[in-house]
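Below you'll find the structure, written out as structure tokens, and then a few comments.
Residue numbers (our numbering): 4 to 109.
Structure, rendered in structure tokens:
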């Protein structure tokens with residue numbers, strides 16, 4: 004089973020679920036979808052706010068990547084001090100610009 008979001012007229016792959024995750028994790032992700040469109044991002048894993056991820060030093064492999072839909076980015080990475088992996092889909096343009104600015108400064 005897969006979760007995809009329709010953003011900017013295109014489908015963006017979010018995550019693939021096995022049988023166990025489909026029962027345990029997928030319902031929580033579906034609950035998050037409604038609020039995600041108001042915020043302009045979807046938190047798949049992390050602190051819940053992409054800017055909060057900068058509160059701790061980030062690993063060098065932290066990155067912002069394009070997705071299959073124009074205007075939608077995938078922000079993912081890890082923290083240096085503790086194992087705190089994060090993964091977001093972001094389509095709020097101002098938020099994308101702020102994250103890219105912060106990534107350049109580190």
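Glycine included, every Cβ here is placed at the ideal spot set by N, Cα and C.
When you compare the CB positions of residue 77 and residue 92, do they come within less than 7 Å of one another, or not? Contact: yes.
My guess is that residue 83 and residue 55 are in contact by the Cβ rule of under 8 Å, so how many angstroms apart are they, rounded? Contact doesn't hold; Cβ gap of about 16 Å is too wide.
Terminal residues of the alpha helix (DSSP H) in which residue 72 lies: For residue 72, there is no enclosing alpha helix (DSSP H), as DSSP gives it neither H nor E.
Delimiting residues of the beta strand (DSSP E) encompassing residue 9: Judged by DSSP secondary structure, residue 9 falls within the beta strand (DSSP E) whose first and last residues are 5-10.
Can you give the beta carbon distance from residue 65 to residue 43, rounded, assuming they're within the 8 Å contact cut? Between residue 65 and residue 43 the beta-carbon gap is near 20 Å, outside 8 Å, which marks them as no contact.
Helix, strand or coil for residue 29 per DSSP? In the three-state reduction of the DSSP assignment, residue 29 falls in the helix class, which pools H, G and I.
Kindly list the residues whose CB is nearer than 6 Å to the CB of residue 20, restricted to its own chain and excluding five residues on each side of it in sequence; keep chain order. Excluding positions up to five away in sequence, the list reads 4 and 29.
Between residue 48 and residue 95, is the Cβ-Cβ spacing less than 7 Å? Contact flag unset, no.
Using DSSP bridges, identify the partner residues of residue 44. Residue 44 pairs with 93.
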